[in-house]
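Asks: Just so you know, we're using the numbering used here here: the sequence shown kicks off at 1218 and counts up by one.
Think of the CB as a built atom: it goes at the ideal place given N, C-alpha and C, for glycine as much as any other residue.
A quick note: this is a predicted structure, and the numbers were derived from the prediction, not measured.
I am attaching a structure below and will ask some questions about it afterwards.
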Amino acid sequence: MLESLAFALVKTFISFMFEQHLEHMQSVRVEGAPGWYYQQTRNHICDSGFARGGLEAVEISKADARKQMVIRLNKALEIVVYENFRDKSDPTERALVERFKQDENLPVFVESAVIYENIEYKEKQSTAYARVCIPKERLQSYQEERVGKLKKAVTLHHRDRAFDALDSEISAQPK
């Protein structure tokens, strides 16, 4: 039961991300920005960022692009859970879904997984632009790994509760 739910979570999340990705592949043109800004590449999820200032703006724009990626992945996860798993009434399933939503390691994953596709500084505008992308396979394997850990944690929690209940039952029996 948990395995099928976990598989459904990952499959739905990845499908949603790439449906959303295809929608974003529509041309978005920002005046003054490079042609690649807010453009997607095939089999990657990409996000862009910018910052104004001197050359220090380059690092700030890269950080902004990574931050936008974290925000985008979190929003997608919220939508997937809301649209597909809000009706789960089994406490074990609910626990798995809720824990899947809360990913405190996502910023670290994004930091380690992103590929800096484009970085450009426009001196006349004093603006730096950056685009970061994560390959589909890398995102999928990360989510599958997360679900596996969550499944194991939920299963161990239920095992411990079952042992506690058994201990209580045994100690309640007359001797």
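Roughly how far, in whole angstroms, is the beta-carbon of R1269 from the beta-carbon of S1329, given that I think they are within contact range, below 8 Å?
Replies: Contact flag wrong, Cβ pair sits at about 28 Å.
Asks: Contact between the segment 1310-1318 and the segment 1345-1352: three or more CB pairs below 8 Å?
Replies: no
Asks: Identify the residues that DSSP records as bridge partners of I1332: which are they?
Replies: C1350
Asks: Compute the beta-carbon to beta-carbon distance between A1379 and K1279, rounded to the nearest angstrom, for a pair I have assumed lies under 8 Å.
Replies: Incorrect: roughly 49 Å between the Cβ atoms, too far for contact.
Asks: With which residues is A1268 paired in a DSSP beta bridge?
Replies: A1345
Asks: May I ask you to list the residues that DSSP assigns as paired with Y1338?
Replies: Y1338 pairs with A1345.
Asks: Across the segment 1296-1305 and the segment 1255-1263, are there enough close Cβ pairs to call them in contact, namely three or more that are closer than 8 Å?
Replies: no
Asks: Less than 8 Å between the C-beta atoms of A1345 and I1288, yes or no?
Replies: no
Asks: Taking only the alpha-carbon atoms, compute the straight-line gap between G1266 and V1331 and give it to the nearest angstrom.
Replies: Taking the CA atoms as reference points, G1266 sits about 13 Å from V1331.
Asks: Using beta-carbon positions only, say whether L1323 and N1291 come within less than 8 Å of one another.
Replies: yes
Asks: How about V1393 and Y1338: are their beta carbons less than 8 Å apart?
Replies: Outside the modelled stretch of the chain, which goes from 1218 to 1392, sits residue 1393, for which no answer is possible.
Asks: Apart from the five residues just before and just after P1251, which ones in its own chain have a Cβ nearer than 6 Å to its Cβ?
Replies: E1337, Y1346
Asks: Return the first residue and the last residue of the alpha helix (DSSP H) that R1309 is part of.
Replies: Sequence check: residue 1309 is Thr here, not Arg. Unbroken alpha helix (DSSP H) run through T1309: 1308-1318.
Asks: Assign R1376 to buried or exposed, taking buried as 16 or more other Cβ atoms, counted over all protein chains shown, within 10 Å of its Cβ.
Replies: exposed
Asks: What number of angstroms, rounded off, separates the C-alpha of D1304 from the C-alpha of K1228?
Replies: 18 Å
Asks: One question on the structure: do Q1360 and F1230 come within less than 8 Å of each other, judged by their Cβ atoms?
Replies: Cβ distance < 8 Å, so Q1360 and F1230 count as in contact.
Asks: Could you give the residue range of the alpha helix (DSSP H) that holds L1295?
Replies: Reading the sequence as shown, one finds Glu at residue 1295 and not Leu. Segment 1274-1302, the alpha helix (DSSP H) holding E1295.
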